[in-house]
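I have placed the structure first, in the form of structure tokens, so that the comments after it can refer back to it.
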Amino acid sequence: MYPGTVGDFTKTVSVAGVTRTYLLHVPAGYRADAAAPVVLLLHGGGGSAAGVGAATGGFSALADKYNFIAVYPDSVAGNWDDGRETITARTNDVAFVAALLDALAVEYHVDAKRVFATGISNGGMMSHRLACDLSSRIAAIASVAANLPASLASTCSPGRPMPVAMFAGTADPIIPYAGGTLTVGQGGTVLSVADSALFWARKNQVSLTPRTAALPNADTTDDTTTDLIEYGGAASAGEVALYRVNGGGHTWPGGAQSLPVLLVGKVARDFSANEAIWAFFSRHARP
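What follows is the structure in structure tokens.
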């Protein structure tokens, strides 16, 4: 019934007459008789599907370990239409993701209640947009180095509690932890990281009094520490988890230092964002 096979593939789908591409990693453990979760990994501004997996420190290896299908979509001209008011090229990326998921479900036995989105920077903001505008398909999101765009916050209406995990460095030189007007890339205005998390806590109608715990400082040489700030808790359908990386930059915790520290800041080595993201996703199937 499902003709798709395991391995790595380049796929295309047509959206409003435009051919869009995505990379697909189907783990060796996939079986057509068992529904598999799906995780979308969205690249940052100026990036590509081909590069983002390696920057995370091995996302396809994570898919192999936990037996989910990893999807790496490509934006148009390197940028996602994440809802910021300054983006003039409207590329219908929400429709692209919906069409991609439709095509995937024809080839593979997909667990429709366990479709997740994550991404870094512009891709992380696009994850927030999917949480707002495609909540009928997306079970939960995780953003890395990506505050919530202010213009998206003003229109966001997911219609149900949306579990959200955020990973943000307090020394991010690209998207400031304190929010405000961005001066690089596509520009625009974003909420602070703290206000982004609080936005989702309010939307999800969970307690606005968070619990904060310090993660173990497993690597004392990386000049970072991390606090986990949780609204709602792991048992809540509206859980919001903020990993505040003190001293961290515009980087993926546990991933590669793919650009110089002077440009993007430091990578946290105390924990793996990959593992934390999957742990978060694994407890949040869509109702």
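Numbers in this note's numbering are just positions in the sequence shown, counted from 1, shifted up by 390.
In this text, a Cβ means the ideal position worked out from N, Cα and C, and glycines have one as well.
| Query | Result |
| --- | --- |
| Outcome for methionine 391 when other beta-carbon atoms lying within 10 angstroms are tallied against a minimum of 16 | exposed |
| Cβ-based burial, aspartate 398 [other Cβ within 10 Å; buried from 16] | exposed |
| Separation of tyrosine 462 from alanine 627, as counted between CA atoms | 26 Å |
| Identified DSSP bridge partners for leucine 432 | Gly509 |
| Residue range of the beta strand (DSSP E) that includes tyrosine 392 | Where tyrosine 392 is concerned, there is no enclosing beta strand (DSSP E), given that its DSSP letter is neither H nor E. |
| With 16 other Cβ atoms within 10 Å as the buried cut-off, status of alanine 604 | exposed |
| Endpoints, the alpha helix (DSSP H) within which aspartate 612 is located | Taken as a continuous stretch (DSSP letters only), aspartate 612 belongs to no alpha helix (DSSP H), as it is neither H nor E. |
| Proximity below 8 Å, CB of proline 650 to CB of arginine 550 | no |
| Cβ contact check for the region 441-458 and the region 474-494: 3 or more pairs under 8 Å | no |
| Nonlocal neighbours in the same chain, by C-beta distance under 7 Å from leucine 581, ignoring five residues either side | Asn537, Leu538, Ala540, Ala543, Gly569, Phe589 |
| Inter-residue CB distance, threonine 411 and threonine 395 (contact presumed, cutoff 8 Å) | 19 Å between Cβ atoms; not a contact. |
| Short Cβ contact (8 Å threshold) for isoleucine 667 with threonine 508 | yes |
| Identity of the residue in Lys455, Leu520, His674, Ala631 nearest aspartate 617 by Cα | Ala631 |
| Beta strand (DSSP E) segment containing leucine 414, residue limits | 408-416 |
| Own chain residues within Cβ distance below 6 Å of glycine 468, not counting five before or after | Gly436 |
| Test item: CB-CB of valine 428 and isoleucine 459 under 8 Å | yes |
| Exposed unless 16 or more other CB atoms sit within 10 angstroms - verdict on leucine 430 | buried |
| Coarse secondary structure for isoleucine 619, derived from DSSP in three states | strand |
| Distance, phenylalanine 486 Cα to arginine 527 Cα | 13 Å |
| Contacting residues, own chain, Cβ-Cβ under 7 Å from proline 600 (five flanking each side not counted) | Ile619, Glu620, Tyr621 |
| Reference proline 566, options Val534, Ser597, Pro553, closest by Cα | Val534 |
| Distance between alanine 529 and glutamine 679 (C-alpha atoms, nearest Å) | Here the chain has residues from 391 to 677 only, and residue 679 is not among them. |
| Environment of aspartate 483 [buried if 16+ CB atoms lie within 10 Å] | buried |
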